[in-house]
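Q:
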Amino acid sequence: MKIKALNGFKDIVPGEVELWQKVENTARDIFSRFNFSEIRMPILEKTDLFARSIGEATDIVEKEMYTFVDKQITMRPEATASLLRAYIQHGLHVQKPVQRLFTIGPMFRHERPQKGRLRQFHQMDVEVLGTPNPKVDAEIMAMGAMLLEELGVTVSLEMNSLGCPVCRPGFRATLLAFIEDRKEALCDDCARRSKTNPLRVLDCKNSKCREQVEEAPSILEHLCDDCDEHFSAVQNGLQQLGVKYSLNKFMVRGLDYYTRTTFEFITENLGAQAAVGAGGRYDGLVEKLGGPKVPGIGFALGIERLVLLLQLQEEEADSSIVDIFVAGLGEKASKFAFPLVHTLRKKGLQMAMDHEGRSLKSQMKQANKVNSRYVLIIGENELEQGQAVLRNMETQEQQDIAINSDDNNNNKMVSLLLGLTQLYANNNK
Ligand code: ATP
Ligand code: MG
Numbered sequence: 005m006k007i008k009a010l011n012g013f014k015d016i017v018p019g020e021v022e023l024w025q026k027v028e029n030t031a032r033d034i035f036s037r038f039n040f041s042e043i044r045m046p047i048l049e050k051t052d053l054f055a056r057s058i059g060e061a062t063d064i065v066e067k068e069m070y071t072f073v074d075k076q077i078t079m080r081p082e083a084t085a086s087l088l089r090a091y092i093q094h095g096l097h098v099q100k101p102v103q104r105l106f107t108i109g110p111m112f113r114h115e116r117p118q119k120g121r122l123r124q125f126h127q128m129d130v131e132v133l134g135t136p137n138p139k140v141d142a143e144i145m146a147m148g149a150m151l152l153e154e155l156g157v158t159v160s161l162e163m164n165s166l167g168c169p170v171c172r173p174g175f176r177a178t179l180l181a182f183i184e185d186r187k188e189a190l191c192d193d194c195a196r197r198s199k200t201n202p203l204r205v206l207d208c209k210n211s212k213c214r215e216q217v218e219e220a221p222s223i224l225e226h227l228c229d230d231c232d233e234h235f236s237a238v239q240n241g242l243q244q245l246g247v248k249y250s251l252n253k254f255m256v257r258g259l260d261y262y263t264r265t266t267f268e269f270i271t272e273n274l275g276a277q278a279a280v281g282a283g284g285r286y287d288g289l290v291e292k293l294g295g296p297k298v299p300g301i302g303f304a305l306g307i308e309r310l311v312l313l314l315q316l317q318e319e320e321a322d323s324s325i326v327d328i329f330v331a332g333l334g335e336k337a338s339k340f341a342f343p344l345v346h347t348l349r350k351k352g353l354q355m356a357m358d359h360e361g362r363s364l365k366s367q368m369k370q371a372n373k374v375n376s377r378y379v380l381i382i383g384e385n386e387l388e389q390g391q392a393v394l395r396n397m398e399t400q401e402q403q404d405i406a407i408n409s410d411d412n413n414n415n416k417m418v419s420l421l422l423g424l425t426q427l428y429a430n431n432n433k
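Numbering (this note's numbering), first residue to last: 5 to 433.
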């Protein structure tokens, strides 16, 4: 019996992997323009880290985590908790008062697999630790918007404020009273946890709940003066940077640690999997995890969803390109070609050759398949005569390249190499 990958776990094969590389390379480029450094954390952490940060009464901790119960360790369902654990453990706040960090890697959640929703999925996660400044909120949203724009992905930015420990309890009580009257009409999940986590009812995707909360009070009208001022400054910053956004009073995010600014990048093209990225401020979290009293803000983008959007735009993955395919015909020529290809790879060219002694026709086919720019044809006779033929696959032009008449393979190679690398440089000026 053939063994297949687990449901919700996916291989990323050539043809698709190029889009992943494009997404990741663009992200790395933009993150470095914004002065972020990379950090990499392990996939396994103590279960307690996630329970304490994400919150016990959240979807993730309640039902989505891959946990080794006997060892009390969990495969990370998101990156922020692990990143903060590392930040605290290595005293990174001492090295720099404001740390700007990013990480890219797999996350694990036991959800129902569907388009844009996997059990192993990948996030690009950024966090700024050590400043409450609303300019930073605007700056990182602008960074996310810039990345999505450079990828050519159209999204809208939705934003809300969740207040702080000063003003949120008041809002929570008001909301609780509002929900209490409508409890009967809520979905089972919301009815069950409306007491422990009433805010979650606001962003429940169930249509019953949506209907009920339409008239719910808005947290934006219950912010304390400090939070209100902060949120205005964030919006000011976005306007200064020319980033479009809209306010969404229903957005509360599914994790408990958020304070003040929260936001999502939303697409209309992936059905229920509408969030391409999401994040927000978490000013009390580092301290809660045993670290210094520093505020933080961050967001995570889902790579699978970005790749799906690029595929929807029928973006062709750039298949890998070979500079020169060397077609050696016959044993002697193949023997000559083998170290030649190696030497040209050392010089930085992308090279390919056939090792199976196939016909010229078949080798030309292979060269086409790997998108080779040139094919260098070395026949046995040509080799004797100190000649090889270089064919430009785009223009179909052919030209002779000299191989020294000297019998010594090494010398032949030297002159051939010189000819090829010069020609290559000329053609690619
Ligand atoms: P959703 O509402 O779609 O469940 P979420 O709020 O759980 O998303 P976050 O925890 O904020 O998502 O993670 C940030 C991003 O990671 C999401 O916007 C999405 O792009 C991606 N993501 C989250 N869960 C998955 C998953 N199971 N499969 C693929 N991508 C995911
Ligand atoms: Mg989710």
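Cβ atoms here follow ideal geometry from the backbone N, Cα and C, with glycine treated the same way.
Please read all numbers here as calculations on a predicted model, not as lab measurements.
1) Quick check on Asp52 - is its C-beta less than 9 Å from some C-beta in chain C?
2) On a CA-only basis, which of Gln367, Asn372, Ser376 is nearest Gly383? Give me that one, please.
3) Quick one: which unbroken alpha helix (DSSP H) runs of 4-plus residues sit fully inside the stretch 154 to 234? Chain order, please.
4) Looking at the unbroken alpha helix (DSSP H) that takes in Asp33, where does it start and where does it end?
5) Give a single yes or no on whether Gly258 has its beta carbon closer than 8 Å to a heavy atom of ligand 2.
6) For Ser409 and Glu388, I'd like the C-alpha separation in whole angstroms.
7) Work out the CA separation of Asn385 and Asp411 for me, nearest whole Å.
8) Measure from the alpha carbon of Leu161 to the alpha carbon of each residue in Ser236, Glu225, Phe267, Thr62, then state which is nearest.
9) Spatial neighbours of Phe235 within its chain, please: C-beta separation below 6 Å, excluding the five flanking residues on both sides.
10) Under three-state DSSP, which class holds Gln403?
11) I'd like the ranges of any alpha helix (DSSP H) spanning at least 4 consecutive residues and lying wholly in the stretch 58 to 121.
12) Identify every residue that forms a DSSP beta bridge with Arg395.
13) What separation, rounded to the nearest whole angstrom, lies between the Cα atoms of Thr158 and Thr71?
14) Contact check, Gly167 vs Cys228 under 8 Å by CB: the rounded distance?
15) When you compare only the Cα positions, how much space is there between Asp358 and Ala331?
16) Which runs of the beta strand (DSSP E), 3 residues or longer, sit entirely within the stretch 309 to 344?
17) Around the Cβ of Ile7, are there at least 16 other Cβ atoms within 10 angstroms (buried) or fewer (exposed)?
18) Going straight from the alpha carbon of Ala220 to that of Arg257, what length do you get?
19) With distances taken between CB atoms, is the gap from Leu48 to Arg89 smaller than 9 Å?
20) When burial is assigned at 16 or more other CB atoms within 10 Å of the CB, is Asn252 buried or exposed?
21) Touch check for the stretch 181 to 201 and the stretch 277 to 292: three-plus C-beta pairs under 8 Å?
22) Can you give me the Cβ contacts of Ala9 inside the same chain, cut-off strictly under 7 Å, excluding the 5 residues immediately before and after it?
23) Quick one: what's got a C-beta closer than 8 Å to Pro202's C-beta in the same chain, skipping five residues either side?
24) Considering only DSSP beta bridges, list what Val132 is partnered with.
25) With DSSP as the reference, label Ile270 as helix, strand or coil.
26) Quickly, what does DSSP pair His126 with across the bridge? List them, please.
27) Starting from Leu464, trace the beta strand (DSSP E) both ways and give me its first and last residue.
28) Return the CA-CA distance between Ala189 and Leu96, expressed in angstroms with no decimal places.
29) Hey, quick one: how far does the alpha helix (DSSP H) through Met368 stretch, first residue to last?
30) Identify which residue in Ala304, Ser376, Gly306 has its Cα closest to the Cα of Ile328.
31) Can Arg113 be considered in contact with ligand 2, in the sense that its beta carbon sits closer than 8 Å to one or more heavy atoms?
32) When the Cα of Phe40 is compared with those of Arg104, Ala276, Pro173, which residue comes out closest?
33) Just to confirm before moving on: does the CB-CB distance between Phe106 and Ala55 stay below 9 Å?
34) Does Lys8 come out as helix, strand or coil in the three-state DSSP assignment?
35) Under 8 Å by Cβ, that's how I've got Glu308 and Leu152 pegged, so tell me the actual separation to the nearest angstrom.
36) Go to Leu289, then tell me how far its alpha helix (DSSP H) extends in each direction, as first and last residue.
A: Walking through what the data contain:
1) Any reference to chain C falls outside this structure, which holds one protein chain only.
2) One-based indexing of the sequence shown puts residue 383 at position 379. With distances taken between Cα atoms, Gly383 lies closest to Gln367.
3) Fully enclosed alpha helix (DSSP H) runs of no fewer than 4 residues occupy 172 to 184, 192 to 197, 203 to 206, 211 to 217 of the stretch 154 to 234, in order along the chain.
4) As a first step, residue 33 must be located in the sequence shown, where it is residue number 29. Run containing Asp33: 21 to 37, per the alpha helix (DSSP H) assignment.
5) As a first step, residue 258 must be located in the sequence shown, where it is residue number 254. Indeed, a heavy atom of ligand 2 lies less than 8 Å from the Cβ.
6) Your numbering for residue 409 matches position 405 in the sequence shown. Your numbering for residue 388 matches position 384 in the sequence shown. Residue placement at Ser409 is flagged as unreliable, the pLDDT there being 43, under the threshold of 50; the coordinate-derived value follows with that caveat. Cα-Cα distance, rounded: 7 Å.
7) Translated into positions along the sequence shown, residue 411 becomes position 407. Translated into positions along the sequence shown, residue 385 becomes position 381. Since pLDDT at Asp411 reaches only 46, below the 50 mark, its modelled position is unreliable, and the value read off the structure follows with that caveat. When rounded, the distance between both Cα atoms is 13 Å.
8) For the purposes of this step, residue 161 is taken as residue 157 along the sequence shown, with counting starting at 1. For Leu161, the closest C-alpha among the options Ser236, Glu225, Phe267, Thr62 is that of Phe267.
9) As a first step, residue 235 is located in the sequence shown; it is residue number 231 there, counting from the start. Around Phe235: Ser165.
10) Taking the first residue of the sequence shown as 1, we reach residue 403 at position 399. Looking at Gln403 - three-state DSSP - the assignment turns out to be strand.
11) 84 to 93, 96 to 99
12) Translated into positions along the sequence shown, residue 395 becomes position 391. Answer is Val379, Gln402.
13) Indexing the sequence shown from 1 puts residue 158 at position 154. Indexing the sequence shown from 1 puts residue 71 at position 67. Computed Cα separation, rounded: 36 Å.
14) For the purposes of this step, residue 167 is taken as the residue at position 163 of the sequence shown. For the purposes of this step, residue 228 is taken as the residue at position 224 of the sequence shown. At roughly 7 Å, the Cβ-Cβ gap stays under 8 Å, so Gly167 and Cys228 are in contact.
15) Position 354 of the sequence shown, counting from 1, holds the residue named residue 358. Position 327 of the sequence shown, counting from 1, holds the residue named residue 331. The alpha-carbon atoms of Asp358 and Ala331 are separated by roughly 7 Å.
16) 326 to 332
17) Here the question's residue 7 lines up with position 3 in the sequence shown. Exposed is the call here.
18) Start at 1 with the first residue of the sequence shown, and residue 220 comes out as number 216. Start at 1 with the first residue of the sequence shown, and residue 257 comes out as number 253. Roughly 17 Å between the two C-alpha positions.
19) The residue you call residue 48 lines up with position 44 of the sequence shown. The residue you call residue 89 lines up with position 85 of the sequence shown. Taking 9 Å as the Cβ cut-off, Leu48 and Arg89 do not qualify as a contacting pair.
20) For the purposes of this step, residue 252 is taken as residue 248 along the sequence shown, with counting starting at 1. Buried, because 16 or more other Cβ atoms sit within 10 Å of the Cβ of Asn252.
21) no
22) For this step, residue 9 is matched to residue 5 along the sequence shown. The residues are Asp15.
23) By one-based count along the sequence shown, residue 202 stands at place 198. So the qualifying residues of the chain are Arg176, Leu179, Leu180, Ile183.
24) For this step, residue 132 is matched to residue 128 along the sequence shown. DSSP links Val132 through a beta bridge to Arg104, Ile301.
25) The residue labelled residue 270 in the question sits at position 266 within the sequence shown. Residue state, collapsed to three classes: strand.
26) Translated into the one-based positions of the sequence shown, residue 126 becomes position 122. Looking at the DSSP assignment, His126 forms a beta bridge with Pro110.
27) With the chain running from 5 to 433 in the structure shown, residue 464 is simply not present.
28) Here residue 189 is taken as the residue at index 185 of the sequence shown, counted from 1. Here residue 96 is taken as the residue at index 92 of the sequence shown, counted from 1. Ala189 and Leu96 have their C-alpha atoms some 48 Å from each other.
29) Within the sequence shown, the letter at position 364 stands for residue 368. It spans 364 to 373 - the alpha helix (DSSP H) in which Met368 sits, taken as one unbroken run.
30) Translated into positions along the sequence shown, residue 328 becomes position 324. The option with the nearest alpha carbon to Ile328 is Ser376.
31) On the sequence shown, position 109 is the one that residue 113 refers to. Under cutoff, so the answer is yes.
32) Residue mapping note: residue 40 aligns to position 36 of the sequence shown, counting from 1. If we check each option's Cα against that of Phe40, Arg104 comes out closest.
33) Along the sequence shown, read from residue 1 onward, the residue named residue 106 stands at position 102. Along the sequence shown, read from residue 1 onward, the residue named residue 55 stands at position 51. Ala55 sits away from Phe106, with the two beta carbons spaced by 9 Å or more.
34) Along the sequence shown, read from residue 1 onward, the residue named residue 8 stands at position 4. Note: Lys8 maps to coil in three-state DSSP.
35) Working through the sequence shown from its first residue, we reach residue 308 at position 304. Working through the sequence shown from its first residue, we reach residue 152 at position 148. Actually they are not in contact, since the Cβ atoms of Glu308 and Leu152 sit about 15 Å apart, beyond 8 Å.
36) Taking the sequence shown and counting its residues from 1, the one referred to as residue 289 is at position 285. Element bounds for Leu289: 289 to 292.
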